[in-house]
Amino acid sequence: WVAVDLNGWPVVISNYSLPQTLTATGTHNTTTTITFASSVLALGWQVGMPMSGTDVGTSAVISAISADGKTVTASVASTGSGAQTVTVDGGGWTHS
804 WVAVDLNGWP
814 VVISNYSLPQ
824 TLTATGTHNT
834 TTTITFASSV
844 LALGWQVGMP
854 MSGTDVGTSA
864 VISAISADGK
874 TVTASVASTG
884 SGAQTVTVDG
894 GGWTHS
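So for the sequence shown, this note's numbering puts the first residue at 804; every next one is plus one.
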């Protein structure tokens with residue numbers, strides 16, 4: 804992410820500055836596709852982040868995110884179906 808300070812200088816903010824865990828509720832049906840009501844891009848989700856949650860496949864990571872951020876493809880198919888909370892590991896350090 805790039806921000807600008809009060810003097811107009813750019814400030815680069817790494818994805819490692821994001822909170823450790825980022826959650827959203829999505830719907831899946833024993834496939835690799837998870838659908839969300841709102842964009843997970845706004846939460847800082849990125850391809851390669853590890854995923855966990857009820858019915859999320861073991862060792863799943865984000866393989867792809869649609870341009871609108873409402874559809875995520877996991878590397879491993881879910882083991883159940885319905886609306887579930889999905890958590891990704893943002894890594895790095897947290898902020899307050």
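C-beta atoms are modelled at their ideal positions from N, C-alpha and C, and glycine is treated no differently.
Look at the Cβ atom of T838, then the Cβ atom of T830, and state whether they are nearer than 8 Å.
Cβ atoms of T838 and T830: closer than 8 Å.
So the beta strand (DSSP E) L844 belongs to, where does it begin and stop?
Per DSSP, L844 belongs to no beta strand (DSSP E) and is neither H nor E.
So, helix, strand or coil for N832, using DSSP?
Correct three-state label for N832: strand.
Would you mind reading off the limits of the beta strand (DSSP E) that contains S884?
Looking at the DSSP string, the run of the beta strand (DSSP E) that includes S884 is 884-892.
Closest to A877 by CA distance: which of D858, L809, T836, G893 is it?
For A877, the nearest C-alpha among the options comes from T836.
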